[in-house]
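For the sequence shown, position 406 (counting from the first letter as 1) is numbered 457 according to the numbering used here, and the numbering increases by one without interruption. Data block below; observations after.
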Amino acid sequence: MRILQNYVGGKWTDSASGRRRQSFNQANRDELICETQDSTPADAEAALRIAAEAFPAWSHTPMPRRAALLQEFLKHFGTREEEFARAITRENGKTLRESRTEFLAAFKEAEFQVGQGRRTAGASRPSELPGVTCHLRREPLGVATLITPWNFPLNVACRKLIPALIAGNTCVLKPADLTPMTAALLFESLHAAGLPPGVANLVFGRGSVIGDTIVTHPAVKALSFTGSTEVGLGIAQKLAGRDTKIQLELGGKNPLVVLADADLDKAVEAAIIGGFGCSGQWCTSTSRVIVEAGIHDTFLAKLIAGVKAIVVGDGSDEAVKMGPVCGSQQYETILKFIEVGKQEGARLAIGGNALTEDRNAQGWFIAPTVFADVAPEMVIAREEIFGPVVVVLKARDFDDAVRLANDTRYGLASSLYTRDLAKAQRFIAESGVGLCHVNLPTAYKEPQLEFGGVKESGRGNPEAGDSGIEFFTRHKAVYVKDQP
Ligand code: NAD
52 MRILQNYVGG
62 KWTDSASGRR
72 RQSFNQANRD
82 ELICETQDST
92 PADAEAALRI
102 AAEAFPAWSH
112 TPMPRRAALL
122 QEFLKHFGTR
132 EEEFARAITR
142 ENGKTLRESR
152 TEFLAAFKEA
162 EFQVGQGRRT
172 AGASRPSELP
182 GVTCHLRREP
192 LGVATLITPW
202 NFPLNVACRK
212 LIPALIAGNT
222 CVLKPADLTP
232 MTAALLFESL
242 HAAGLPPGVA
252 NLVFGRGSVI
262 GDTIVTHPAV
272 KALSFTGSTE
282 VGLGIAQKLA
292 GRDTKIQLEL
302 GGKNPLVVLA
312 DADLDKAVEA
322 AIIGGFGCSG
332 QWCTSTSRVI
342 VEAGIHDTFL
352 AKLIAGVKAI
362 VVGDGSDEAV
372 KMGPVCGSQQ
382 YETILKFIEV
392 GKQEGARLAI
402 GGNALTEDRN
412 AQGWFIAPTV
422 FADVAPEMVI
432 AREEIFGPVV
442 VVLKARDFDD
452 AVRLANDTRY
462 GLASSLYTRD
472 LAKAQRFIAE
482 SGVGLCHVNL
492 PTAYKEPQLE
502 FGGVKESGRG
512 NPEAGDSGIE
522 FFTRHKAVYV
532 KDQP
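See the structure below:
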């Protein structure tokens, strides 16, 4: 069992509270993984102050030099795949295969952003006047607070930290309570890279205790948050009118639309990957499957057969296809939603219960669940369940399917399965999301494209791609006349 410390000013330190919180394996709640600092607002304030002190020197370090230091980070980080994968599986619950995929995604995104360090300083433009040059400078914002969720403890932290640092900001990261180990391992690699003290800081703690400090402290000039819509929009309200740039990546209720001409086996596979990968706890998970009436029954029968074959268990067992959900709160919320679905008249096609027998007795296991005959106004069709629960809705035709897909307050990811290019183009144009797919699962992504949602799924610049560094900079237009 490890004791994890905060990382502030280049040193591993204890919280002034003297209190620690315990973290347990999601597949076996008797197994204590680590204890972390139960930080106080004063701890958070100290980290922000140290980050502010480190900002002038770091922001004046040439961008390629900052990128070279982060290249050292990549070298160290890149050798630790299995260590990270095992830590993620224990504290989050996802399978080892899923944890390795998360590691690779984090590495590729970080590598892309480090590469940006040699090419994103600004732009030059022609001037209307002789002897005048015009250029655009991109400048860092200052101290950035980065708040991350438990569902992608590594990928989301890297997606924020690396572009923030490359752009010349200094950072304080607050990881989710449930997944502290991954954050500690990440900061070990940053430390090994030789980043100057104070440039990247890590503070463990509860959002309810240190949240206000890390969000509203006057030193904070950028706030990048990934988590629930409720907490994210609350943060946006607290920052209204302040000089803090905000980036929010929030919840989703992502539709997968299957048309009658689709390759049904591929569409079923996408529903299973998107619906039950990481036990349905991706922000881009498929939670609604909208199926054209003509193939509805055939699709549903194939989906149920596919779900039956999912082996649920401890994710560290390589044979397991779906791990536990992450923690008691998730477990209870998901089971409550399943009860709501039964009560509001949806047809339980498979699953719908906790798994508590034998080896599953000590973990937070829920059977992969499919509801059919779901009406669009039902709670289970509208709320983000964030668990292994897929709801299937029947659409009359393509137009009805697009209408149903957009009938949500969320706008993160969507997908359409079809062979009809014209319908695909219309779907791309009309789908109200930040990530749109055709014949690919709703969760598919690559590092060179932006990642973020619209409507109640996001605010501000998206993350990753060119927007990764864009968010963490401000623009300055510069006009220089060569003769005074
Ligand atoms: P959450 O909102 O409960 O917590 C997210 C983070 O915010 C945690 O670190 C938490 O400690 C912190 N926090 C909580 N209250 C706070 C406060 N008052 N002030 C400041 N920080 C506070 O979300 P979660 O349960 O950890 O994550 C699941 C949610 O995240 C889902 O809704 C999911 O869709 C969303 N998510 C979105 C994306 C995306 O890119 N859109 C990616 C991953 C997860």
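The C-beta atom is built at its ideal place from N, Cα and C for all residues, glycine as well.
Meets three-Cβ-pair contact criterion under 8 angstroms: the segment 142-152 and the segment 96-108: no
Grouping DSSP H, G and I as helix and E and B as strand, with all else coil, what is R477? helix
Who are E190's beta bridge partners in DSSP? R525
May I ask which residues mark the beginning and end of the beta strand (DSSP E) holding K62? K62 to T64
Compare the Cα-Cα distances from L253 to each of V266, L237 and H268 and report the closest residue. L237
Near I355, which residues of its chain fall below 6 angstroms by C-beta distance, leaving aside the five closest residues on each side in sequence? A400 and I401
Cβ-heavy atom distance between E160 and the ligand NAD below 7 angstroms? no
Thinking just about the alpha-carbon of each residue, which of L315, T493, A118 and G345 is nearest to the one in G331? T493
Continuous alpha helix (DSSP H) assignments of at least 4 residues falling wholly in the segment 399-448: 430-433
By how many angstroms is the C-alpha of S482 removed from the C-alpha of L315? 21 angstroms
V442 burial status per 10 Å Cβ neighbour count (16 or more: buried): buried
Candidates G357, P248 and I139: closest to A208 by CA position: I139
Would you tell me roughly how many angstroms separate the C-alpha atoms of G511 and I520, rounded to the nearest one? 13 angstroms
Let's see if you can read the secondary structure: which residues bound the alpha helix (DSSP H) around Q381? S379 to Q394
Does the distance from the C-beta atom of R210 to that of E162 stay below 8 angstroms? no
May I have the straight-line CA-CA distance separating E132 from Y495, to the nearest angstrom? 21 angstroms
Does the separation of the CB atoms of V529 and H186 fall below 8 angstroms? yes
Would you mind reading off the limits of the beta strand (DSSP E) that contains I84? N79 to Q88
Simplified DSSP state of M232, which is helix, strand or coil: helix
Using DSSP with H/G/I as helix, E/B as strand and the rest coil, what is H127? helix
So F350 is in the alpha helix (DSSP H); what residue range does that whole segment cover? H347 to K359
Three-state secondary structure (DSSP) at K145? coil
First through last residue of the alpha helix (DSSP H) which encompasses P177: P177 -> no alpha helix (DSSP H), and no H or E assigned at all.
What I want to know is whether the C-beta of E300 ends up closer than 7 angstroms to one or more non-hydrogen atoms of the ligand NAD. yes
Bridge partners - F276, DSSP secondary structure assignment: I198 and L299
Within the present structure, is the beta-carbon of C209 separated from the nearest heavy atom of the ligand NAD by less than 7 angstroms? no
Look at T295 and A273 and say whether their C-beta atoms are less than 8 angstroms apart. yes
May I ask which residues mark the beginning and end of the beta strand (DSSP E) holding E337? In the sequence as displayed, the identity of residue 337 is Thr instead of Glu. Note, T337: beta strand (DSSP E), T337 to E343.
Per DSSP, what kind of secondary structure is T221 in: helix, strand or coil? strand
Measure the Cβ-Cβ separation of R470 and A313 and say whether it is below 8 angstroms. yes
With DSSP run on the structure shown, which of helix, strand or coil describes H268? coil
Name, in chain order, the residues that DSSP records as bridge partners for M373. V363
Would you say the beta carbon of K225 is closer than 7 angstroms to some non-hydrogen atom of the ligand NAD? yes
In whole angstroms, what separates the C-alpha of A397 from that of S336? 20 angstroms
Taking F422 and I431 to be in contact with their CB atoms under 8 angstroms, please state how far apart those CB atoms are, rounded to whole angstroms. 6 angstroms
Assuming V309 contacts Y461 under a Cβ cut-off of 8 angstroms, what Cβ separation, rounded to an integer in Å, is found between them? Incorrect: roughly 19 angstroms between the Cβ atoms, too far for contact.
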